[in-house]
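Scroll down for the structure; my scribbles are underneath it.
There are 2 protein chains.
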Amino acid sequence: MKKITIVGAGLAGSLLSVYLAKKGFEVSVYERRPDMRKSGAAGGKSINLALSTRGIHALKEVGLYDEIRKIAIPMYGRMIHLVEGELSFQRYGKDDSEYINAVSRADLNKSLMDLAEKNPGVKILFNQRCSGIDFKNGEINFRNELTGETSLVKSDRIIATDGATSAVRLEMQKIPRFNFAQHYENYGYKELMIPSGKDGSFLMDKNALHIWPRGSFMLIALPNPDGSFTCTLFLAYDLSLGEENSFEYLSTEERADAFFKKQFPDTYEMIPDFKKDFFHNPTGSLMTVKCYPWIIEDRVALLGDACHAIVPFFGQGMNAAFEDCTCLNECIEKYGTDWKKIFSEYQELRKINSDAIADLAQENFIEMRDLVSDRDFLLRKKIETELYKKYPDTFVPKYSMVTFSRIPYSVALKRGRIQEEILKELSKGAESGESFDKDKADKLIKEKLGKIF
Amino acid sequence: MKKITIVGAGLAGSLLSVYLAKKGFEVSVYERRPDMRKSGAAGGKSINLALSTRGIHALKEVGLYDEIRKIAIPMYGRMIHLVEGELSFQRYGKDDSEYINAVSRADLNKSLMDLAEKNPGVKILFNQRCSGIDFKNGEINFRNELTGETSLVKSDRIIATDGATSAVRLEMQKIPRFNFAQHYENYGYKELMIPSGKDGSFLMDKNALHIWPRGSFMLIALPNPDGSFTCTLFLAYDLSLGEENSFEYLSTEERADAFFKKQFPDTYEMIPDFKKDFFHNPTGSLMTVKCYPWIIEDRVALLGDACHAIVPFFGQGMNAAFEDCTCLNECIEKYGTDWKKIFSEYQELRKINSDAIADLAQENFIEMRDLVSDRDFLLRKKIETELYKKYPDTFVPKYSMVTFSRIPYSVALKRGRIQEEILKELSKGAESGESFDKDKADKLIKEKLGKIF
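So the protein sequences, as listed, match chains A and B.
Taking this note's numbering, the leading residue of the first sequence gets 25, the next gets one more, and so forth.
Taking this note's numbering, the leading residue of the second sequence gets 25, the next gets one more, and so forth.
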């Protein structure tokens, strides 16, 4: 049978439907929300994302990259804003050929849906809420959110791409021996908007991801094509981390205003609607989801956030989900119609790497909010850059492995830790990024790392 | 308002209803299953439990201990069965005054229900499945499993004691910032029965918990009042731990029979229905549940397995749930009708200790299946006994703290780890339990442990 049901037409589900249509499958995608191309509703998630190598690879495979590239804004590095207003730029890659791309979640999703529907084998049905599943018989109940009509959909293959709060996964959780964990950070986030200047000009450097690292909290900003920036404030929910630095404490306009003025003086003037944004926009939560198994024999598979939602601090959530699609596609190429093997190899290849990017993303929060303005950290970064130049196929910075390569996340995590130890060792006696002990570096790298490229 | 709804009339729910009735509350207990006192259905769980100090304390408080004591069988220690048939006895406590009690889950539950219904303020409603909850309005939908009738129950206070697969918790999981993890061991269990001998005599020592430790798996047996023993085989599900030692491999009568004969030769003859038991009884799974928060303001609380299901290897699942009831009762005594404070202190006091007993129970599996026949472990045990004699209020064995005291589990875990380090240190130079370095012991204990009693 060539019929596949996908639950969820978000980024992962839409992309996957294209991959599968290209292989000749008949794909029905059931989406709970209305068609965002008509309603203008972008969903509750953050507005822009950082598209990088893994995601780009998938978009190239389905032939969409040239289109997306036109609406993406390259970000070549971090622009660090200190409290005093001082700026410093930390390049992400080795030169201008390596960058991440700010792209609108809604625009990307709409493009993927358009592309999907160009395939006669794909249909997307909207306003369809999954209200029950019979895994044994491959039957899903959907309820039309507009009409209240219910329908029973039977298919041989169900792939759930219904996100971090997946309804399909919630049903799987009732099956014995299904391991599951959802963990919330004690941090929430709030979106704020820096509008464009006159004539749609950008009020800050357009080609950077802006960070205001403040130790226990941080503000970031990504550019939008219209000249505006979408800012996100990551802040503890409650008072446990320090009196003023929490949503709980900032409960009055006066307190919020004073906090912002003090902590982000260079930005305060640029957000005219600060109080409105702060008190009217919802406070988002940050969840990590891990589960196992992801599959039920040859009949059901979870993909993307549905099985491995992560915190956003490495900009890899979407990229990881797209890489799931690439991997599943390769397994289909390898095993044809043997779905037991397809699903089982997909699970084996992706589970270990999803666990790794979950850990990497959590680590990167500490780096972003705290370390990027730390003297020792900056010294290690400088030594890292030197070593990368000297050993471009061996000592590849963790950030580069994750962002600018398709090296498995689990390998990036492991090598990243070894490299971090080497850097700590070398930075002990060093006063600058050039003055570290080169012979010791050669020895350590030879001992502990093999070539990766 | 004095009305409280309890979901689940298992051991914890039934006991809690008595505690609450004694405080003057009007309690309705909704139970999904039929009344086990009429139907004879004991539920899917293991048949006998090990009642110890924490559980006994609760039963004493509600006035049920004298009755239960009559149907309980004291177990004074572990009886280790080696493959060669050799037996060795390892005492649990310091003397015959310290023992754990084999008691039938069904009998205990029935007694608790009878006791509950003696209170005019308690009613238990059976065959009532929780089919939906509105936490905001304190409304629960129940569906009568016999008649199909549905009812809407509104109350100010909901306490969920509906076990490891709690329906109430599943609803709470959808609330933002609810942390949750369910973890299954790669081990399953199978119940087997050793019938009584002639005239209801016991075929093995009645007053012991029998263990056949075999490294990666084990068999245990607890006595029943009718002279039989309920055995439980704990075995890996799949082949990963060694070819023959898994349910997956033992898929034919021939293989299962050969395995049992080889591994448990002294027991093989005593289980006449081995093949029937092995292939007809269901394979149970072993789950650990952790979650947080346990409460919603002053309206909802989880209790017992519903918020902290653990593996059975320390015999503390029921004891921990009963201790939850004792704690909640104390919080009511302390705060009267301020349920916000009652629930919040209950959660604070119990969460940390539930996490601790979950870890202790997992550690004890390794001890039971592997270490109890290990030479170094036995040496450490002997030194432990000596030190306990010398420092009865300071060096209390971990097993005793957990089983024969009401020391918080978290304290038992912490002190247990310190003591284990001391024992490892002392056993290095020792050849027997008497020959260890006494001065060093004095020094280490003085340095690392304060008095506990």
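Don't be surprised by glycine CBs; every beta carbon is placed ideally from N, CA and C.
Because the structure is a prediction, the values reported are computed rather than measured.
#### Entry: Of the listed residues A:S275, A:K230, A:K178 and A:Y211, nearest to F337 (chain A) (C-alpha basis)
It is A:Y211.
### Query
Who does S128 (chain A) pair with in a DSSP beta bridge?
A:N72
#### Entry: E504 (chain B) versus S179 (chain B): straight-line alpha-carbon distance, rounded
Because chain B spans 25 through 477 in this model, residue 504 (chain B) falls outside it and cannot be assessed.
### Query
With which residues is Y211 (chain A) paired in a DSSP beta bridge?
A:A260
### Message
Between which residues of its own chain and W318 (chain B) is the CB-CB distance below 7 Å, once the five residues before and five after are set aside?
### Response
Answer for W318 (chain B): A325, L326, C331, Q371 and K375, listed in chain order.
### Query
Along the chain, where does the alpha helix (DSSP H) that runs through N377 (chain B) open and close?
W363 to R393
### Task
Could you work out which residues of chain A lie near H207 (chain B), taking near to mean beta carbons separated by less than 9 Å?
N203, F204 and A205
#### Entry: Nearest candidate by alpha-carbon position, reference S63 (chain B), set B:R399, B:N151, B:G162 and B:L447
B:N151
### Query
Going along chain B, which residues have a C-beta under 9 Å from S309 (chain A)?
Within 9 Å Cβ-Cβ: P200 and R201.
### Exposure label - Y292 (chain B); buried when at least 16 CB within 10 Å
Burial call: exposed.
#### Entry: Residue of B:N343, B:D379 and B:I407 minimising C-alpha distance to N125 (chain B)
B:N343
### Task
Could you tell me the boundaries of the beta strand (DSSP E) in which S309 (chain A) lies?
G308 to Y316
### Message
According to DSSP, simplified to helix, strand and coil, what is S63 (chain B)?
### Response
helix
### Message
So for A245 (chain A), helix, strand or coil by DSSP?
### Response
strand
### Nearest-angstrom beta carbon gap, V42 (chain B) and L136 (chain B) [assumed within contact, 8 Å]
In this structure L136 (chain B) is in contact with V42 (chain B), their Cβ atoms being roughly 7 Å apart against a cut-off of 8 Å.
### Query
When you compare each of A:K142, A:I407, A:K222 and A:R430 to K464 (chain A) by their alpha carbons, which one comes out closest?
A:I407
### Query
What is the residue span of the alpha helix (DSSP H) that P289 (chain B) lies within?
P289 (chain B): member of the alpha helix (DSSP H) spanning P289 to Y292, first to last residue.
### Message
Check this for me: beta carbons of N388 (chain B) and S434 (chain B), under 8 Å apart or not?
### Response
no
### Message
Among the candidates B:T307, B:P421 and B:G109, whose CA atom is the shortest distance from the CA of E209 (chain B)?
### Response
B:T307
### N- and C-terminal bounds of the beta strand (DSSP E) containing D297 (chain B)
It is not in any beta strand (DSSP E) - D297 (chain B) carries neither H nor E in the DSSP assignment.
### Message
Please determine whether the Cβ atom of Q206 (chain B) lies at a distance below 7 Å from any heavy atom of the ligand SAH.
### Response
For the structure depicted, the ligand SAH is absent and the ligand set is empty, with no information on it obtainable.
### Query
Taking F159 (chain A) as the reference, which of A:I183, A:K142 and A:N168 has the closest Cα?
A:I183
### Reduced DSSP secondary structure (H/G/I, E/B, other) of D229 (chain A)
coil
### Alpha carbon of L274 (chain B) to alpha carbon of H105 (chain B), nearest angstrom
22 Å
### Residue interval of the alpha helix (DSSP H) (run including T409 (chain B))
R399 to K414
#### Entry: Distance between G474 (chain B) and E449 (chain B) (C-alpha atoms, nearest Å)
18 Å
### Query
What whole-angstrom Cβ distance do V426 (chain A) and L384 (chain A) have, given they're in contact under 8 Å?
6 Å
### Task
Note down, one range per segment and in chain order, each alpha helix (DSSP H) of at least 4 residues found wholly within the stretch 319-367 of chain B.
329-332 and 341-359
### Query
T185 (chain A) by DSSP, collapsed to three states: which one?
T185 (chain A) falls in the coil class under three-state DSSP.
### Message
Suppose you measure from the CA of E277 (chain B) to the CA of G79 (chain B); what does that come to, to the nearest Å?
### Response
Using only the alpha carbons, I get a separation of about 40 Å.
### Task
Spatial neighbours of D138 (chain A) within its chain, please: CB distance less than 8 Å, with the 5 preceding and 5 following residues excluded, ordered by chain position.
Shown here for D138 (chain A): same chain residues with a beta carbon closer than 8 Å to its own, the five before and five after excluded, namely R61 in chain order.
### Task
Within the same chain, show all residues whose beta-carbon is closer than 6 Å to that of P432 (chain A), passing over the 5 residues directly before and after it, in chain order.
N377
#### Entry: Own chain residues within Cβ distance below 6 Å of G67 (chain B), not counting five before or after
Since pLDDT at G67 (chain B) reaches only 45, below the 50 mark, its modelled position is unreliable, and the value read off the structure follows with that caveat. There are no such residues.
### Query
Residues in its own chain within less than 6 Å of M196 (chain A) by CB, not counting five upstream and five downstream?
F202
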